[in-house]
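Protein chains in written order, with the working numbering: chain E, 1 to 112; chain G, 113 to 221.
See structure below.
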């Protein structure tokens, strides 16, 4: 069974901390994505990557950065966590040939 | 105007009912269309792709109307387990994939 695995299901961090969210996929997909999902706002794209070491900003990249050193791993970094970054974070991957996404189970991050 | 719009619902229907959701999109150059299902506090999962000719998967039928720029999802003989949020997803080419905010469905006994 193909999978996208996110390292943590729940996280609580303090304001100002540097936060790392890890995502690994085993489908050899070229594309990987980070979204956040908030009630009433739906899924919003933070960053995506179409190849190793390649990254592109999504719709809401401010306060975030990403790293893709290996094809299967895509990390989201919150440089200095703030309370408005409390959210559900979802990682996804997709093949180049179509745009059907497989999502990880999500990380619910609370910044206090 | 949002790029992808859905009626947020909720739709409350009895078991066995037929329910339909519509979704409109603004980019006429959109190329790929999908319906995803998201259970409460879980990740979205692909339900079905939507093709121009329409397609069916068991109790679920998806349709695309390019002229009017909308897609639809029909669920027949609703089950309690169909209760979820249904996300309309439109790809405008390349990495431009837009998720709708979702339509909530509650199926009651």
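Cβ coordinates follow ideal geometry from the N, Cα and C atoms, glycine included.
Contacting residues, own chain, Cβ-Cβ under 7 Å from residue i (five flanking each side not counted)
{"i": "residue 105 of chain E", "result": "6, 9"}
{"i": "residue 219 of chain G", "result": "125, 127, 190, 191, 192, 194, 195"}
DSSP state of residue i mapped onto helix, strand, coil
{"i": "residue 85 of chain E", "result": "helix"}
{"i": "residue 11 of chain E", "result": "strand"}
{"i": "residue 144 of chain G", "result": "strand"}
{"i": "residue 75 of chain E", "result": "strand"}
{"i": "residue 192 of chain G", "result": "helix"}
{"i": "residue 92 of chain E", "result": "strand"}
Beta-bridge partners of residue i, as assigned by DSSP
{"i": "residue 124 of chain G", "result": "G/218"}
{"i": "residue 50 of chain E", "result": "BP columns for residue 50 of chain E are empty, so no partner."}
{"i": "residue 61 of chain E", "result": "Answer is none; residue 61 of chain E lacks a bridge partner."}
Residue-level contact to chain G via CB, residue i, 9 Å cutoff
{"i": "residue 101 of chain E", "result": "yes"}
{"i": "residue 22 of chain E", "result": "no"}
Residue i vs residue j beta-carbon contact at 9 Å
{"i": "residue 118 of chain G", "j": "residue 215 of chain G", "result": "yes"}
{"i": "residue 94 of chain E", "j": "residue 86 of chain E", "result": "no"}
{"i": "residue 80 of chain E", "j": "residue 17 of chain E", "result": "yes"}
Beta-carbon proximity list for residue i, same chain, < 6 Å, skipping 5 on both sides
{"i": "residue 33 of chain E", "result": "48, 92"}
{"i": "residue 3 of chain E", "result": "26"}
{"i": "residue 175 of chain G", "result": "166, 184"}
C-beta neighbour in chain E for residue i, strict 9 Å
{"i": "residue 156 of chain G", "result": "yes"}
{"i": "residue 176 of chain G", "result": "no"}
{"i": "residue 199 of chain G", "result": "yes"}
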